[in-house]
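Residues 95 to 592 (our numbering) are what the sequence shown spells out, left to right. We treat Cβ as the ideally placed atom computed from N, Cα and C, and that holds for glycine. Here the structure is a predicted model, which is why all the values come from computation and not from measurement.
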Amino acid sequence: MKFNKKFFLVVFVFLIIMGFVIFEKFKNRTIEDVAIIIGSVDNIENIKFEKISESLIQDNYSLNTKYDTDDYFINNLVNAYGKVPLINSDISINVNALYDLEDLFKDLNNHNYDNIIVRRGYLSCSNENDCVTDHRTGYDIDVYIKDREWEDFEGHKEAKYFINNAYRYGFVLRYTKKDNYQPWHFRYVGKVFSYLIHELEYDIDDFVNNLEVNTIYKFNDEETYFYKVKTDNIYIPKNIKYEISSTNSGEYVISYSLKTLTKLSETSDEFDFKLNKLSNENINYNLILVNEDKENKFLSDNIVIFEENKKLDKTVLESYSRMKEQANKLDNHILFSTSAYRSYEEQKEIFEEENSGIANKPGHSEHETGLALDLATDEKKVTYFYGTYIGKWVTDNAHEYGFILRYLDNKENITKISYEPWHFRFVEEMHATYMYEHYLTLEEYLNLFDLNKKYIMNYDNKNYLIYKYEVNDGNILKLENSVVYYLYDNCYLVITEM
Ligand SMILES: [Zn+2]
Numbered sequence: 095m096k097f098n099k100k101f102f103l104v105v106f107v108f109l110i111i112m113g114f115v116i117f118e119k120f121k122n123r124t125i126e127d128v129a130i131i132i133g134s135v136d137n138i139e140n141i142k143f144e145k146i147s148e149s150l151i152q153d154n155y156s157l158n159t160k161y162d163t164d165d166y167f168i169n170n171l172v173n174a175y176g177k178v179p180l181i182n183s184d185i186s187i188n189v190n191a192l193y194d195l196e197d198l199f200k201d202l203n204n205h206n207y208d209n210i211i212v213r214r215g216y217l218s219c220s221n222e223n224d225c226v227t228d229h230r231t232g233y234d235i236d237v238y239i240k241d242r243e244w245e246d247f248e249g250h251k252e253a254k255y256f257i258n259n260a261y262r263y264g265f266v267l268r269y270t271k272k273d274n275y276q277p278w279h280f281r282y283v284g285k286v287f288s289y290l291i292h293e294l295e296y297d298i299d300d301f302v303n304n305l306e307v308n309t310i311y312k313f314n315d316e317e318t319y320f321y322k323v324k325t326d327n328i329y330i331p332k333n334i335k336y337e338i339s340s341t342n343s344g345e346y347v348i349s350y351s352l353k354t355l356t357k358l359s360e361t362s363d364e365f366d367f368k369l370n371k372l373s374n375e376n377i378n379y380n381l382i383l384v385n386e387d388k389e390n391k392f393l394s395d396n397i398v399i400f401e402e403n404k405k406l407d408k409t410v411l412e413s414y415s416r417m418k419e420q421a422n423k424l425d426n427h428i429l430f431s432t433s434a435y436r437s438y439e440e441q442k443e444i445f446e447e448e449n450s451g452i453a454n455k456p457g458h459s460e461h462e463t464g465l466a467l468d469l470a471t472d473e474k475k476v477t478y479f480y481g482t483y484i485g486k487w488v489t490d491n492a493h494e495y496g497f498i499l500r501y502l503d504n505k506e507n508i509t510k511i512s513y514e515p516w517h518f519r520f521v522e523e524m525h526a527t528y529m530y531e532h533y534l535t536l537e538e539y540l541n542l543f544d545l546n547k548k549y550i551m552n553y554d555n556k557n558y559l560i561y562k563y564e565v566n567d568g569n570i571l572k573l574e575n576s577v578v579y580y581l582y583d584n585c586y587l588v589i590t591e592m
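Shown next as structure tokens:
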């Protein structure tokens, strides 16, 4: 009797444990299993969110969008010929997706998997049926195995590798076993979302549907954050570079990372802070602010000719030439400048031809300094510079050569100039990197520094002391071993390595 009681108790406990184990294994995963909720867009420390209207959104990625009439998708297509294996040379893919797809194929190649071929990329809306397809976004690809029917993709060893590793390059299965399984059809969603969807074992629709609106999630320890917003209530992180993805449900999902941001902090520490007088010749103008309000007060005294009779400051040209050399290795297209230094008279002509909002009035254009240039490739017209293979690379790497994209998307209220993906301005690497990482215009960057306060910027493992001041007595001051930048009006920025 005693034995039986004990026996049943043991069996009972065992069954409970087994039941729990089975339940854990088969219960649906939730977003909270892989990400932590850290707050909502209107209540979170350190970061401010600002509301923008949907019409301002241009460079969007796609999560589960099926089709879209937005020109954005079409403007960012590039021909994939020569970059990844294709069934024919006409296949176009979104430029963001293509860069990562190339890496995925390099990975396959390293494993001697050489039989996978892309058989479909972007599809145009040539008839009614074609209009309702994932392939209209340019983010979708169908792959197959050479010499096989495309339907029996999955059985092959190479296909298994592709299916299991695509997420590491931003691609996920568009149709999983849950519904209408298509093991050959992949959607590029970017690496943040592909990792999330992979870890959750979700399909894209599940992922989008399971996100709480306006709730900010933190994913992994790499300081990656994401959240979903409604179209009539779009919040973006202020002064941080972000990516925005459209969905089938009309919502947007936004992600951003705080991992690699260059740090800037105000300091009240005592420094040996002797300012000495400086002669005018030694002023650095690379941060000069020229815009609708601030008239140009600088012209490089070292303007040189390049390309077809274009003119530019000599130092800026050296940086541009280094960037161009790298850019031209990427592709059989070439990078060139459509406009660089312009005299007051030339700017006047352009201004009179164009409407304001496109060109600055004479005396107020950066082109008059010799520090700015407009870029294009022979792949597409200048308006679509970002949507070219080289243009995408330049946009993401120009800061390493000291250039910023001067007229950013969504910042027209600050710059008074609409988004210009082609206009680059030289400001030196450290400043360019800070502005790139924080998605700042030059106006916003210079505003980070209050007058007569000391700041420290950590860049490239060095600390820089930064101090902004006004000159009222005509004596420009400098620190020991410092660089003095003229900014605007009688404002200067002095920077010294600590
Ligand atoms: Zn320009």
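Between the alpha carbons of residue i and residue j, how many angstroms are there, rounded?
i: Phe256; j: Lys160; result: 23 Å
i: Ser147; j: Asn569; result: 46 Å
i: Asn422; j: Tyr480; result: 15 Å
i: Ser595; j: Ser433; result: Past the edges of the chain, shown from 95 to 592, lies residue 595, and the structure says nothing about it.
i: Asn206; j: Ile550; result: 49 Å
i: Val135; j: Tyr311; result: 10 Å
i: Tyr586; j: Glu523; result: 19 Å
i: Lys144; j: Ile338; result: The sequence shown places Glu at residue 144, not Lys. Their backbone Cα atoms lie some 14 Å apart in a straight line.
i: Thr463; j: Tyr582; result: 13 Å
i: Leu424; j: Asp315; result: 33 Å
i: Asp395; j: Asn403; result: 17 Å
i: Tyr513; j: Asp241; result: 47 Å
i: Glu473; j: Lys324; result: 36 Å
i: Asp503; j: Phe392; result: 27 Å
i: Asn170; j: Lys271; result: 30 Å
i: Asp468; j: Ser431; result: 6 Å
i: Trp278; j: Trp244; result: 8 Å
Provide the residue span of the beta strand (DSSP E) that contains residue i, from first to last.
i: Lys405; result: 404-407
i: Val347; result: 346-351
i: Val398; result: 397-400
i: Ala129; result: 129-134
i: Lys371; result: 370-372
i: Leu171; result: 171-173
Taking the alpha helix (DSSP H) that residue i belongs to, which residues open and close that run?
i: Glu447; result: 438-447
i: Asp234; result: Run containing Asp234: none in the alpha helix (DSSP H); it sits in the beta strand (DSSP E), 234-239.
i: Ala526; result: 523-532
i: Ser288; result: 285-294
i: Leu195; result: 189-204
i: Ile298; result: 298-304
i: Ile484; result: 483-491
i: Phe256; result: 251-259
Residue i: beta carbon under 7 Å from a heavy atom of ligand 1?
i: His525; result: no
i: Ser433; result: yes
Who pairs with residue i in a beta bridge, going by DSSP?
i: Val588; result: Tyr561, Val578
i: Asp468; result: Ser433, His517
i: Ser339; result: Tyr155, Val347
i: Glu360; result: Tyr549
i: Pro331; result: Phe143
i: Phe265; result: Tyr282
i: Thr318; result: Phe313, Ser351
i: Arg214; result: Asp236
i: Phe497; result: Phe520
i: Lys423; result: DSSP output for Lys423 lists no bridge partner at all.
i: Ile570; result: Leu372
i: Asn137; result: Ser134
i: Leu180; result: Val212
Can you find the residues in the same chain that come closer than 6 Å, C-beta to C-beta, to residue i, ignoring five residues on each side of it along the sequence?
i: Gln276; result: Tyr269
i: Gly249; result: none
i: Met417; result: Tyr495
i: Arg500; result: His517, Arg519
i: Leu305; result: Lys322
i: Asn378; result: Val577, Tyr579
i: Asp194; result: Tyr263, Gly264
Could you pull out every residue in the same chain whose Cβ sits closer than 8 Å to the Cβ of residue i, ignoring the five residues on either side in sequence?
i: Asn575; result: Thr590, Glu591
i: Asn303; result: Ser343
Looking only at its chain, what residues have a beta carbon closer than 7 Å to the beta carbon of residue i, apart from the 5 residues adjacent to it on each side?
i: Glu440; result: none
i: Glu564; result: Leu545, Asn584, Cys585
i: Asp184; result: none
Any residue with its Cβ nearer than 5 Å to a heavy atom of ligand 2 should be included. What is that list in chain order?
The ligand content of the structure shown is limited to ligand 1, which means ligand 2 is not among them.
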